[in-house]
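Novice:
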Amino acid sequence: MQKAYDPESFETRIYEWWEKNKCFRAEDESKKPAFAIAMPPPNVTGALHNGHALGDTIQDALTRWKRMSGYNALWMPGTDHAGIATQMVVERHLAKQNIKRAEIGRAAFVQKIWEWKEKHGDIIMTQKRKLGVSADWERSRFTLDPGLSKAVREVFVSLYEQKLMYRGTRLINWCTRCQTALSDLEVIPTERKGNFWHIRYKSADGKVTLVIATTRPETLLGDTAVAVHPEDGRYKQLVGKKVKLPLLNREVPVIADAYVDKDFGSGALKVTPGHDFNDYDLGKKHSLPILSVFDKQGRVNAEGQQYKGLKILEARDKVVTDLEAQGLLERIEPHTHSVGLCQRCDTVVEPMISDQWFVNVKPLAEKAIEVVRRAEKLSLAEVDRRDDAIKIVPEGWTNTYYQWMENIRDWCVSRQLWWGHQIPAWYCAKCNEITVSREDSTKCAHCGGSELKQDEDVLDTWFSSALWPFSTLGWPEKTKSYRTFYPTSVMETGFDILFFWVARMIMMGLHFNDGKVPFKRVYLHAMVRDEKGQKMSKTKGNVIDPLDIIKDYGADAFRFTLASMAGQGRDIKLSLERIEGYKAFCNKLWNAARFALMRLGFLEGELPPGLKVIAAPDFSVITQGKPLEEWITSKRKHFHPINQWILARLDLATERVNVAMEEYRLNDAAAEIYEFVWHEYCDWYIEFSKELLNSHQEETSVCLMHVLDQALRLSHPFIPFVTEEIYQSLPERPGVKRTEPLMLQAFPKASKASLTEESESVGMWKSAIEALRAFRGENNISPKARPKITYEVMASEKHQAFEKGAPYIRALAQLESLSEEKGSSRGDAAVGEVLTRDVKFYIPLKGLVDVEGELKRVQKEKSDTLADIEFVKGKLSRESFIAKAPQELVDKEREKLRFLESKVAEFDRALDRLGRLK
RNA sequence: GGGAACAUAGCUCAGCUGGGAGAGCGGCGCCCUUACAAGGCGUAGGUCACAGGUUCGAUCCCUGUUGUUCCCACCA
974 MQKAYDPESF ETRIYEWWEK NKCFRAEDES KKPAFAIAMP PPNVTGALHN GHALGDTIQD
1034 ALTRWKRMSG YNALWMPGTD HAGIATQMVV ERHLAKQNIK RAEIGRAAFV QKIWEWKEKH
1094 GDIIMTQKRK LGVSADWERS RFTLDPGLSK AVREVFVSLY EQKLMYRGTR LINWCTRCQT
1154 ALSDLEVIPT ERKGNFWHIR YKSADGKVTL VIATTRPETL LGDTAVAVHP EDGRYKQLVG
1214 KKVKLPLLNR EVPVIADAYV DKDFGSGALK VTPGHDFNDY DLGKKHSLPI LSVFDKQGRV
1274 NAEGQQYKGL KILEARDKVV TDLEAQGLLE RIEPHTHSVG LCQRCDTVVE PMISDQWFVN
1334 VKPLAEKAIE VVRRAEKLSL AEVDRRDDAI KIVPEGWTNT YYQWMENIRD WCVSRQLWWG
1394 HQIPAWYCAK CNEITVSRED STKCAHCGGS ELKQDEDVLD TWFSSALWPF STLGWPEKTK
1454 SYRTFYPTSV METGFDILFF WVARMIMMGL HFNDGKVPFK RVYLHAMVRD EKGQKMSKTK
1514 GNVIDPLDII KDYGADAFRF TLASMAGQGR DIKLSLERIE GYKAFCNKLW NAARFALMRL
1574 GFLEGELPPG LKVIAAPDFS VITQGKPLEE WITSKRKHFH PINQWILARL DLATERVNVA
1634 MEEYRLNDAA AEIYEFVWHE YCDWYIEFSK ELLNSHQEET SVCLMHVLDQ ALRLSHPFIP
1694 FVTEEIYQSL PERPGVKRTE PLMLQAFPKA SKASLTEESE SVGMWKSAIE ALRAFRGENN
1754 ISPKARPKIT YEVMASEKHQ AFEKGAPYIR ALAQLESLSE EKGSSRGDAA VGEVLTRDVK
1814 FYIPLKGLVD VEGELKRVQK EKSDTLADIE FVKGKLSRES FIAKAPQELV DKEREKLRFL
1874 ESKVAEFDRA LDRLGRLK
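In the numbering used here, the protein residues as written are 974 to 1891.
#1: Ignore the nearest five residues each way along the sequence and tell me which others in Ile1470's own chain have a CB closer than 8 Å to its CB.
#2: So, does the segment 1844–1854 touch the segment 1820–1835, judging by three or more C-beta pairs under 8 Å?
#3: Got a sec, what are the start and stop residues for the beta strand (DSSP E) Ser1327 sits in?
#4: Can you give me the Cβ contacts of Lys1085 inside the same chain, cut-off strictly under 7 Å, excluding the 5 residues immediately before and after it?
#5: Output needed for Lys1739: all residues of its chain with C-beta closer than 7 Å, excluding positions within five of it in sequence on either side, in chain order.
#6: Is the beta carbon of Thr1457 sitting closer than 8 Å to the one on Gln1617?
#7: What would DSSP say about Ser1462, mapped onto helix, strand or coil?
#8: What are the start and end residues of the alpha helix (DSSP H) that includes Leu1862?
#9: Considering only their Cβ atoms, is the gap separating Val1227 from Gly1213 smaller than 8 Å?
#10: Going by C-alpha to C-alpha distance, which of Val1244, Asp1249, Ser1176 and Gln1100 sits closest to Arg1143?
#11: What does DSSP give as the partner residue(s) for Lys1498 in the beta ladder?
#12: Measuring alpha carbon to alpha carbon, tell me which of Pro1203, Asp1118, Lys1813 and Gly1195 ends up nearest Val1225.
#13: Buried or exposed, going by whether 16 or more other CB atoms sit within 10 Å of the CB of His1652?
#14: Give me the Cα-Cα distance between Trp1604 and Ala1566, rounded to the nearest whole angstrom.
#15: Tell me, which residues are paired with His1171 by DSSP?
#16: For the alpha helix (DSSP H) that Trp1441 lies in, which residues bound it at each end?
#17: Give the DSSP-derived three-state secondary structure of Asn1251 in the structure shown.
#18: Give the DSSP bridge partners of Glu1164, in chain order.
#19: In the DSSP assignment, the beta strand (DSSP E) including Cys1676 goes from what residue to what residue?
#20: Give the secondary structure of Trp1391 by DSSP, where H, G and I count as helix, E and B as strand, and everything else as coil.
#21: Three or more C-beta pairs closer than 8 Å, one from the segment 988–1002 and one from the segment 1021–1033: is that the case here?
#22: Are the Cβ atoms of Val1345 and Thr1371 separated by less than 8 Å?
#23: What does DSSP give as the partner residue(s) for Glu1115 in the beta ladder?
#24: Who does Ile1816 pair with in a DSSP beta bridge?
#25: Curious, which full-length beta strand (DSSP E) runs of at least 3 residues does the segment 1196–1260 contain?
#26: Distance, Cα to Cα, Lys1136 vs Ala1418?
#27: Determine the DSSP secondary structure at Asn1405, reduced to helix, strand or coil.
#28: Could you give the first and the last residue of the continuous alpha helix (DSSP H) run that contains Ser1593?
#29: Over the uninterrupted alpha helix (DSSP H) stretch that includes Gln1376, give me the two end residues.
#30: Mapping the DSSP letters down to three states, classify Glu1903 as helix, strand or coil.
#31: May I ask you to list the residues that DSSP assigns as paired with Tyr1400?
#32: Would you list the residues sitting across from Cys1559 in a DSSP beta bridge?
#33: What separation, rounded to the nearest whole angstrom, lies between the Cα atoms of Glu1164 and Leu1314?
#34: Is it the case that the segment 1624–1641 contacts the segment 1743–1756, given that we only count it when at least three CB pairs across the two stretches are under 8 Å?
#35: Are at least three pairs of beta-carbons, each pair with one atom in the segment 1665–1672 and one in the segment 1491–1501, less than 8 Å apart?
#36: Use the C-beta contact count for Phe1115: other C-beta atoms within 10 angstroms, 16 or more gives buried, fewer gives exposed.
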């Protein structure tokens, strides 16, 4: 081991060693219980961001923990072809070389994307390796792999056969820049400042004028009605009559519908079924004609007569100008409203009538609701045991999930792109019918014609992602992998893709796997923000690159930070200071290990002169060939209290870590590990051991090594690199071969041995040390001073237990000597007194402390204690408390009061003494 | 409009089913003490957003108010 902790010097080496030794591999067939996580597939164009880092840290910690706990653990990796995103990236890339998609044609363009993918597609996976991701890389899948494509076709065709997939002419979201249809989810409603234009419409006979208000005046070119509320007196006489559309002079009917809000705007609504979703529904209801006035490029078509060829916004300006010129514009009022923007390119999305493929998801959604509802009444453990329930954590998201599922609308799955799964539907030139088929079709299923043309469109990227948990396992084949790992154990991902992905996986998973859920738990992690709580974005320039963090602090420190902050349901504000703190933790562990190894003689050459090195113990001789843990278990009852104490603390920490991990409370597990390693093992046990090794060498050597070994195992899921590096430096010992990686060792399980009476006396020693240190600190006694102190144990039954600790208290409190008080100091004015619960210490003040300072200290202690007494008295004086609180608690409070009062008496004596001295 | 979450020490956050509030970082004081100055020891700092209610007792449970954030639906 190197002297300094330097993660950069070993993380890459360790990772390569694991990979070379196939440590990440899961078995298709195994006697071990299965545990599986499907990794959310990043886009092939992606680069690792902090969201990935958080998810990967959580998933990796869970996988490593399960793997070490005896599970056949599979973490299934892969990448997503990400239709629009990838096509855009490569298009931009080609544009730099002056190559245009339209010019080179579909086949050549798709070829170019594949080339790009081969070259750049694995970058993110390389980055994930830096984080320590222990996924089974040999199983990596890509959504356009032959196997996954087969699954996509199977699902498409089955849905078609079940009449859940259909082609229809509907109003859909159209991005005029991407030139494709979008699903509802891909449209982001965004607040925009605009205007409310109030326009005068005249009745056909020219007698009546009514005013309608609109945010999109250009759409009047496509109006096919004006709607008013049936009970609106202002317009009642117009219902059923016609009004003249301004500018175009086309006549449209006035219809009445309760959908119209009398009090909004002018109470009259222009109806444009061809370019507005609400108007579309209204139009359907009233059998209005549906007019398309914009083309796919977002220009006015021939329907718009004199406006033909203008872009939508140009048409808006022109329409407004013309209305004004004709005196038909009553007024313009600024108005903020929301417009739908394309998720990928921020272009305003236009509702358009178009032929597209849709999935009728309603029937699938009902089942998807059921499985989540079922889990509400079940515990996590129960959910894990079955395959028909899904628990969503944090639970707050279930309501959102239900709400979305209950109001779900048909899913538009066709996209006018080239990169993706081409839709397996063929159109017959002869009879115009559609043939949908698992195999590439050459013959029309309806007329037998052979002139077929495949649908040009591809499927929404999320269509193939929806199959991810089973398509990656070989479905539709019932492979061994599939049988072993489906349903998977947990889906861990960001809440932002709950609908895009999680909801759809649940629907598809249930539908195509005999009602079995795709995963038993859904764990939604928070969003990683910058330290001010702002979303990280390139335009804001506040992006912290995870790779930079790893370079500066090491992957372990970063992982430990993320795990510590992964508390459920809250955004994470990433701060570098916090990461630095956890790097210090890794450093602490590193140095603790170096101490143990050096002190036991396994690590040479760095000890300062004067420190006694123990000849390296041969553990196999000490334990007679038994593994350390087994030997400890059989002997621990007879160990020195300090060793019993650390073993008990280890049991407690182990128990807590396992419980927290079961519930995926990684932050609690991380905190427990931090506390145990630093504040129990390092601060106390190692310090005690310096003295203890002088007298109880064998058992202490074994405990020092064993507890370190167990601490490394407990920490490994969070900080895999540093723990592995240290572990490989530990000496040979029974039951452990040095060449075996830590990541494949057994995760600790708490032994049943509880806190023994012996180990409890260590608590008494610790508080004695703390009290003496505080005395020194408060009185500014030089750390170099070595006072001679005497003690008196108040309760005689504790006398022996305390006495046993004297050498350790002497060592840790830096005393010259600690001996029992024989009466010489008692009552001596020049002797200070320090009280703990069980013991009183007498400290000679001469030359150590100035009397004034000590007086102050005692006075402060006394007044603190008096305040405590007031509090307890207040409690005990309430009769209702005595009557209704549990007897146990009342007794405890009374006992506390007695103790506090005796303390005050002691302080009074001390003050009296000090006063005399002055 | 509907739903969810959050408000705790200067900062970032823990606090499980209600019994006198914790950590990390930062501050202050003393120490380069023999694994670790990325360290050690000590110490200061909080009417747990506000107002009610339930209870012997509320940071914790209930109601309301205020503030922040997010999701869904969008009255043109």
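Every residue, glycine too, gets a C-beta built ideally from N, C-alpha and C.
Specialist: Looking at the atomic coordinates:
#1: So the list reads Pro1013, once near-sequence residues are dropped.
#2: No, they do not touch.
#3: Counting along the chain, the beta strand (DSSP E) containing Ser1327 begins and ends at Glu1323 to Val1332.
#4: Cβ within range, chain order: Val1063 and Leu1067.
#5: Contacts found: Trp1657.
#6: No, they are not a contact pair.
#7: DSSP, read as helix, strand or coil, puts Ser1462 in strand.
#8: Where Leu1862 is concerned, the enclosing alpha helix (DSSP H) stretches over Gln1860 to Leu1890.
#9: It is a contact, given that the beta carbons lie within the stated cut-off.
#10: When Val1244, Asp1249, Ser1176 and Gln1100 are compared, the shortest CA-CA separation from Arg1143 is found for Asp1249.
#11: Note that residue 1498 corresponds to His in the displayed sequence, not to Lys. Answer is Gly1467.
#12: Among Pro1203, Asp1118, Lys1813 and Gly1195, the Cα nearest to that of Val1225 belongs to Gly1195.
#13: Answer is exposed; the Cβ neighbour count stays below 16.
#14: Looking at the two C-alpha atoms, the distance is approximately 22 Å.
#15: According to DSSP, which records beta bridges pairwise, His1171 is partnered with Ala1186 and Arg1304.
#16: DSSP places Trp1441 inside the alpha helix (DSSP H), whose first and last residues are Trp1441 to Ser1444.
#17: Looking at Asn1251 - three-state DSSP - the assignment turns out to be helix.
#18: Assignment of beta-bridge partners to Glu1164 by DSSP yields Ser1311.
#19: Counted as a single uninterrupted DSSP element, the stretch harbouring Cys1676 is not any beta strand (DSSP E) but the alpha helix (DSSP H) occupying residues Gln1670 to Ser1688.
#20: Trp1391 falls in the coil class under three-state DSSP.
#21: Contact annotation: the segment 988–1002 does not touch the segment 1021–1033, with fewer than three C-beta pairs closer than 8 Å.
#22: Yes. Within cutoff.
#23: According to the sequence displayed, residue 1115 carries Phe and not Glu. In DSSP, Phe1115 forms a bridge with Thr1052.
#24: Within the DSSP secondary-structure output, Ile1816 pairs in a beta bridge with Gly1805.
#25: DSSP assignment within the segment 1196–1260 yields the following whole beta strand (DSSP E) runs of 3 residues or more, N-terminal first: 1198–1201, 1215–1217, 1224–1229 and 1241–1244.
#26: Whole-angstrom Cα-Cα distance: 17 Å.
#27: Three-state result, Asn1405: coil.
#28: Segment Phe1592 to Ile1595, the alpha helix (DSSP H) holding Ser1593.
#29: Where Gln1376 is concerned, the enclosing alpha helix (DSSP H) stretches over Gly1369 to Glu1379.
#30: Missing from the structure shown is residue 1903; the chain here goes from 974 to 1891 and no further.
#31: For Tyr1400, the pairing in a beta bridge is given by DSSP as Ile1407 and Lys1426.
#32: Its beta-bridge partners do not exist; DSSP assigns none.
#33: The straight-line gap from Cα to Cα measures roughly 10 Å.
#34: The answer is no - the segment 1624–1641 does not touch the segment 1743–1756, with fewer than three Cβ pairs under 8 Å.
#35: In the pairwise beta carbon analysis, the segment 1665–1672 is classified as not touching the segment 1491–1501: fewer than three pairs are separated by under 8 Å.
#36: By the neighbour-count criterion, in which 16 or more other beta carbons inside 10 Å mark a residue as buried, Phe1115 falls on the buried side.
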